[in-house]
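Residue numbers (the working numbering): 279 to 491. Quick notes on the structure that follows.
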Ligand code: AMP
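Given below as structure tokens:
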């Protein structure tokens, strides 16, 4: 009897998510490997492992009851889900960056800046709110190389240590959003499975190292 299906994102957030659920008494049984549905040490909980961008889709639709995703991906998706818990890992910033030697924010000749990003909605709305027209170029990876290759003038991307920006001759110009991992929940399933939902929430909070003192 599976009560809760939880979507986990592959990639950076996967290992910290596994550790957090393990402390909460729901350790995924084995590695993701090729399997997409993984049982856990709690018979009432199973995990679904998907690409980060798909977590909001699975949870909003109800295909998963809960999920772990970054607020960058969540805001970009615009998904209508509950956000009951910040998880305290995966901290990073979504920033505008441009080549260190190039003027910012004005470009020579007053031309419209081209901005390469994996986050077209967030980037578009940031510049629209600021009243600065830009042309957004959507890419799916290696964003930092775009200005070097003249694909774009600027980029909008995630920054953690800043090493990748520096290595590519870019500097941070503006912060758009501070991001981190959050637990998200399907609105209907939160009501229909309230007991299981509240029980898990309490265990996730209890699993926090600070709560054991
Ligand atoms: P860094 O060099 O530490 O600033 O990391 C920057 C690179 O890691 C960029 O390519 C980002 O897209 C990626 N990155 C940084 N933090 C995260 C995160 N929390 N989730 C996903 N990707 C990230």
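The C-beta atom is built at its ideal place from N, Cα and C for all residues, glycine as well. Predicted model, so just to flag it, every value in this text is computed and none were measured.
With distance defined between alpha-carbon atoms, name the residue in the options nearest to residue i.
| i | options | result |
| --- | --- | --- |
| residue 404 | 354, 365, 358 and 370 | 354 |
| residue 437 | 365, 374 and 378 | 374 |
| residue 359 | 460, 480 and 477 | 460 |
| residue 338 | 364, 285 and 447 | 285 |
| residue 316 | 282, 348, 340 and 334 | 282 |
| residue 380 | 356, 450 and 400 | 450 |
| residue 318 | 279, 347 and 348 | 279 |
| residue 342 | 483, 426, 465 and 479 | 465 |
Using 7 Å as the cut-off, classify the Cβ of residue i as near or not near the heavy atoms of ligand 1, replying yes or no.
| i | result |
| --- | --- |
| residue 370 | yes |
| residue 448 | no |
| residue 320 | no |
| residue 395 | no |
| residue 462 | no |
| residue 366 | no |
| residue 441 | yes |
| residue 451 | no |
| residue 437 | yes |
| residue 353 | no |
| residue 345 | no |
| residue 348 | yes |
| residue 298 | no |
Which of helix, strand or coil does DSSP assign to residue i?
| i | result |
| --- | --- |
| residue 504 | Only positions 279 to 491 of the chain appear in the structure, and residue 504 is not among them; the question remains open. |
| residue 442 | helix |
| residue 491 | Confidence in residue 491 is poor, its pLDDT being 43 and thus under 50, which makes the residue's placement unreliable; the coordinate value appears in the next sentence. Note: residue 491 maps to coil in three-state DSSP. |
| residue 383 | coil |
| residue 435 | strand |
Can you check DSSP and say which residues form a bridge with residue i?
| i | result |
| --- | --- |
| residue 377 | 448 |
| residue 453 | 373 |
| residue 461 | 346 and 363 |
| residue 324 | 283 and 317 |
| residue 415 | 394 |
| residue 425 | In DSSP, residue 425 forms no bridge with anything. |
| residue 334 | None, per the DSSP bridge assignment. |
With a threshold of 8 Å between beta-carbons, can residue i be considered close to chain D, or not?
| i | result |
| --- | --- |
| residue 466 | This model lacks chain D altogether; it includes just one protein chain. |
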